[in-house]
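A.B. asks: Below are the C-alpha cells for one structure; questions will follow.
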Ligand code: SF4
Ligand code: SF4
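Numbering (the numbering used here), first residue to last: 1 to 391.
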C-alpha cells in the first residue's frame, strides 16, 4: 500500500474504504462479511474509512468491527454531518453525539459537511453557528480535521474552498468527469492550498468498468494489460494532487484487486500515449451523447443564471448512464442550489452561442434538455425538496 500525507503530515492510504455499499442481509448489513472485507483491506494497509450519518447502518457496523478487532487507534475514520437536515446548533450537537456513539469512539479524524452543492448551504451552516461549533470540537479533540464533500459546480466549489481554512475535501472525479463538478480545476486549487483531496466515484458508479465494446478494444490494444477499472484508478493515482481514492468494496476479490493497484500504481507514470488512449475511450463513451458540449464554460456566465454545461452534462448522462441518473444529477447540481440554474430560465438572448467553440445551438438544446430532465413528477419533487432545504 502506498500512502500520501494529510495537512498534519499523517499518512493516509491512497486507497480508502468507502463504507456505503456493504452487502445487506435481512434488514441490515451482513456484519460478518463486512468484517472479513474490512479486515482484509486493513491487513493490506488501508487506513482510511469513509462513512456518513445517512448511510444506513454503516457507522454502527464499522464502529462494532473496529472495536471487535481493536484497531480504532490504528485507522482513520471520516464521517459526515448531514448539513441539509440541520436547522440549529442543537441539531448539530445531537447528530454528532449520535455518530460518536454509533462509531464507538470519542473522536472523529475527518468530519465533513456532507453533500454540499452550493455556497448557500455553507452560509446557512455559518448562520447556525458552525464556525464556533467546529472550533470548540477541535479544541476538545472530538474532531481532528474538518472538511466538506462536494457535488455542485466548479465556481461554487472554489468559493467554498477559499472561504474557510479546510483540512480536507472530497470530490467526485474520474477521467470522464474532468470538467464537471469540482473537476480538475477544483482538484488543483485544493492541492495548491495544501488541502488533501479525497476522490469519490472514481469509476463513475461502475460506468467506467462496463465500457462500450469499441472502448474496451482501445484499452486492450494499448498493450498495458490493465483492466478497465485499473485504468480508471491508475489515472487518479497518476495525479499527485489526489490524496485518497475511495472504493466501495463489497467482496474480498474487489478488496484484493484494488489493493494490488494501489500498491503498484505510481504518480506521474502515465505517458502521453496513455492519455491519448483514455481520451479516445472518453470519445467513444461520448458518441452516445445528445449534445457535444465539452464543458469548457466559455458560454458562462448566463445573465439568467442557467448552468449551461451542467444542464447538458445531465442531459447526456440520461443516454450514457440512465434516464434516472441524468435526472437525479440535474436535480442535485442544478435544482437544489439556493439560486436554481434550470435550463428553463433561458430567455433566449443568444449571448452564450456567440462564445461556444463547438457552435452549439444552445437555446434549442436547453429547451430539449429541460423537457427531458424535468418531467412533472421530478418538477414536483424538486419543488418540495427546495422548500425543505431553503426554508
Ligand atoms: S440564450 Fe439563454 S442560456 Fe444563453 S445566455 Fe441567454 S439566457 Fe443564458
Ligand atoms: S461554450 Fe459550448 S461547449 Fe463550452 S460549455 Fe458552453 S455549451 Fe458547452
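We treat Cβ as the ideally placed atom computed from N, Cα and C, and that holds for glycine.
1. So what's residue 79 in DSSP terms, helix, strand or just coil?
2. Going by the beta-carbon positions, is the gap between residue 283 and residue 318 smaller than 8 Å?
3. In angstroms, rounded to a whole number, what distance separates the CA positions of residue 35 and residue 189?
4. Take residue 67 and list the residues in its own chain whose beta-carbon comes closer than 7 Å to its own, dropping the five residues that flank it on each side.
5. Considering only heavy atoms of ligand 2, list every residue whose Cβ is less than 7 Å from one of them, following chain order.
6. I want to check one thing, is the minimum distance from the CB of residue 346 to the heavy atoms of ligand 1 below 7 Å?
7. Checking 8 Å against the spacing of the C-beta atoms, do residue 116 and residue 164 come in under that value?
8. Ligand 1 and residue 373: does the residue's C-beta get closer than 7 Å to at least one heavy atom of that ligand?
9. Since residue 306 and residue 341 should fall inside the 8 Å C-beta cutoff, what is the C-beta to C-beta distance between them, to a whole number of angstroms?
10. For a test of the three-state rule: what should DSSP assign to residue 308, helix, strand or coil?
11. What did DSSP end up calling residue 11 once you bin it into helix, strand or coil?
12. Mind listing, in chain order, the continuous alpha helix (DSSP H) runs of no fewer than 4 residues lying wholly within the stretch 182-206?
13. Touching or not, the stretch 266-279 and the stretch 324-339, by the rule of three or more beta carbon pairs under 8 Å?
14. What's the C-alpha gap between residue 259 and residue 62?
15. Can you tell me where the alpha helix (DSSP H) with residue 282 in it begins and where it stops?
16. Taking 8 Å as the threshold (C-beta atoms), are residue 250 and residue 21 in contact?
17. Residue 112 by DSSP, collapsed to three states: which one?
18. Going by other Cβ atoms of all chains shown within 10 Å of its Cβ, with 16 needed for buried, is residue 298 buried or exposed?
19. Runs of 4 residues minimum, wholly inside the stretch 106-158: which ones carry the alpha helix (DSSP H) assignment?
20. Within 10 Å of its beta-carbon, does residue 152 have 16 or more other beta-carbons around it, so buried, or fewer, so exposed?
21. Where does residue 259 sit, in a helix, a strand or coil, going by DSSP?
22. Taking 7 Å as the cut-off, is the C-beta of residue 306 nearer than that to any heavy atom in ligand 1?
23. Where does residue 22 sit, in a helix, a strand or coil, going by DSSP?
24. Is residue 194 buried or exposed, if buried means 16 or more other CB atoms sit within 10 Å of its CB?
25. Comparing C-alpha positions only, which one of 207, 171 and 222 sits nearest to residue 197?
C.D. replies: According to the structure shown:
1. strand
2. no
3. 37 Å
4. 104
5. 293, 294, 295, 296, 297, 298, 299, 300, 308, 309, 312, 352, 355, 356, 357, 358, 360 and 362
6. yes
7. Result no, Cβ atoms of residue 116 and residue 164 do not sit closer than 8 Å.
8. No; taking the cut-off as 7 Å, the Cβ of residue 373 has no heavy atom of ligand 1 nearer than that.
9. 6 Å
10. helix
11. strand
12. 183-192
13. no
14. 19 Å
15. 272-286
16. yes
17. strand
18. Per the 10 Å Cβ criterion, exposed.
19. 119-127 and 130-140
20. Counting C-beta atoms within 10 angstroms of its own C-beta, residue 152 has 16 or more neighbours from the protein chains shown and is therefore classed as buried.
21. It is helical.
22. yes
23. It is coil, neither helix nor strand.
24. exposed
25. 171
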